[in-house]
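Residue numbers (our numbering): 10 to 512.
Heads up: the structure comes next, in structure tokens.
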Amino acid sequence: MKITISKELDEKQEVLFLGMFEEDKLVDKRLAEELKEAEKRKAFAKKFGEMLPAKFLPYKKVVLLGLGKKKEFNLEKLRKILGKAVDCAKSAGYTALTTNIVDLALSCRLNAEMAGRAAAEGLMLANYNFDKYLNKEKKEKNKPVTHVVLKVKSSVSKSLTSFEKGLKTGEVIAECTNFARNLVNEPASLVNSVYLEKIATELAKNPRVKLKVLDKDEMKKLGMNALLGVNAGSRNPPKLLILEYNGGKGNGGKGNNKKGKPIAVLGKGITFDSGGYNLKPTHYIEDMKTDMAGAAAVLGLIKAACELKLNRNLIGVMPICENMVSASSQLPGDIVKAYNGKTIEIGNTDAEGRLILADALAYTEDKYKPEVMIDLATLTGACVVALGYYAAGLMGKDARLLGKLKKAGDDSGDRVWELPLYEDFDDWMDGEISDLNNIPTKGKGYEAGTITGAVFLSKFVDKVKWAHIDIAGSSCWRVDGMYQHKGATGSGVRLLSYYLLDN
Ligand code: BES
Ligand code: ZN
Ligand code: ZN
């Protein structure tokens, strides 16, 4: 999708999306009659998201889009309404559109750079189709838009420059989010550990990036038995993929502390989660190809760092394996010793994400001594119950770090919502015949499942500032949104891109 900026609406485009706030009165004379008539019929009250098709030469088609009340307009609404325009154009078979919506948004005192990012994201995320397995006929029905002309007639040239800068950034972030979505939407038989290693190898062609791969033998030597236990039933080899992105100049660039310590981002990479011997039933197992959404987000983030030439040092750590049933699989009741020496009883083979992250977190802190560790993981079904799709669960004990992530989530629309890691939960994962159990040993065993998952992970973080983000709900929607669609969302890419860019 090509996005261009023009001082006027581009009459060469097939379809015009004309945004209107509720308080907007002035409208082109050619439309005034139609609008008055529609208002009388109560067909269009300019409420946010309302649409009214109209006739208006020279465009083949005009669609009036309600923007709601001016004072309620914000960046997320900008993403949504542009997403709606793209969806509408796609389903009507138009591939080029023009709109005044950005111009109106900029009149609302929105930060121009952030509006640029939001505009590109809303347009490009809505334009995403996972259609490679559809036949030509079906593909044609929802063809992506190839050209968007945004009218921006800003009187302040500074804000136009900021908007353009944000637009460029947003284009990269959206492209990398769509890249992550593709990895998550592809079937698990294709996207296995070897495939993900290939993707990481591709990224490492960038001179700023180095790839380190720990294979099974190295993991054995290092004592990563929590990860190895999960992989025991799989015919695909386990991998710990580590992408080092060096963007910090000398002793660390902007935002890195004086010692140039990196920021580590970890992503759960279970390429298929059958549950293991605690096998998942029908209605729970079908989407488990998406259990590597954390790792996909880390890959998307490193790609974005490269394209944005981010001046920071990052470490992307992805424990990759499969949770399968076989004669060699880990058994309920097994006890494994993790990288940091703690013993874990396997109370449930389906609580596997925390096991692979346990080794990855302990190893990352030990080896890289990062400034901050942030993990993204489709960790618990409980998080989908608690928060649904529109926010990921955020947990940790460093209030400043959590605050920054919350802000990045609100700005980017890739939201997080904090769940409390009260110290009351501290012993909930303690084992009875081992240091820890991978399921709670207190209460009924299912209370605050997202929090107890985080408590388990916290036992593998020693001193470093750490945040855990449970993306079980946010990474894969079962409903359509206004710029987000059913299926993978690339959750985490926008969130952490904003976090890194704005801190
Ligand atoms: N991958 C699942 C969590 C999940 C569920 C992600 C739904 C996306 C959608 C995870 O490995 C899991 O199975 N967790 C268990 C933990 C329990 C056994 C303590 C769960 O949530 O039931
Ligand atoms: Zn599981
Ligand atoms: Zn899982």
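Think of the CB as a built atom: it goes at the ideal place given N, C-alpha and C, for glycine as much as any other residue.
Model, not experiment: these values are computed from the prediction.
Residue range of the unbroken beta strand (DSSP E) whose run includes residue i
{"i": "G278", "result": "G278 to D282"}
{"i": "M60", "result": "M60 to A63"}
{"i": "K11", "result": "K11 to S15"}
{"i": "L199", "result": "First-last for L199: undefined, no H or E at that position."}
{"i": "L25", "result": "V24 to M29"}
{"i": "L74", "result": "K70 to G75"}
{"i": "A476", "result": "K474 to D479"}
{"i": "R160", "result": "The question names Arg, but residue 160 in the sequence shown is Lys. K160 -> beta strand (DSSP E) spans H156 to K160."}
In DSSP terms, what residue i is bridged to
{"i": "P328", "result": "L249"}
{"i": "C485", "result": "A497"}
{"i": "Y254", "result": "V218 and L323"}
{"i": "K346", "result": "T352"}
{"i": "L275", "result": "V326 and D384"}
{"i": "L445", "result": "I353 and D439"}
Any non-hydrogen atom of ligand 3 within 7 Å of residue i CB
{"i": "A294", "result": "Looking at the sequence shown, residue 294 is not Ala but Ile. No - ligand 3 has no heavy atom lying nearer than 7 Å to the Cβ of I294."}
{"i": "I279", "result": "yes"}
Element boundaries [alpha helix (DSSP H), containing residue i]
{"i": "F465", "result": "G458 to S467"}
{"i": "L308", "result": "A302 to L317"}
{"i": "V548", "result": "The first residue shown for the chain is 10 and the last is 512, placing residue 548 beyond what the model contains."}
{"i": "K148", "result": "K145 to E149"}
{"i": "L44", "result": "K38 to K49"}
Ligand 2 heavy atom lying under 7 Å from the CB of residue i
{"i": "G284", "result": "yes"}
{"i": "N332", "result": "yes"}
Checklist entry - Can you list every residue whose CB sits closer than 5 Å to some heavy atom of ligand 1, going in chain order? => result D282, D300, N357, D359, A360, G362, T387, T389, G390, I448 and A481
Next on the checklist: My parser needs the alpha helix (DSSP H) runs of 4 or more residues fully inside the region 77 to 122; what are they?
Outcome noted: 84 to 101 and 110 to 115
Checklist entry - Can you list, in chain order, the stretches of the alpha helix (DSSP H) that have 4 or more residues and sit fully within the region 353 to 430? => result Fully enclosed alpha helix (DSSP H) runs of 4 or longer: 362 to 377, 390 to 396 and 408 to 421.
Next on the checklist: Which runs of the beta strand (DSSP E) at least 3 residues long sit entirely within the region 204 to 244? Give them in chain order.
Outcome noted: Segments of the beta strand (DSSP E) lying fully in the region 204 to 244: 218 to 223.
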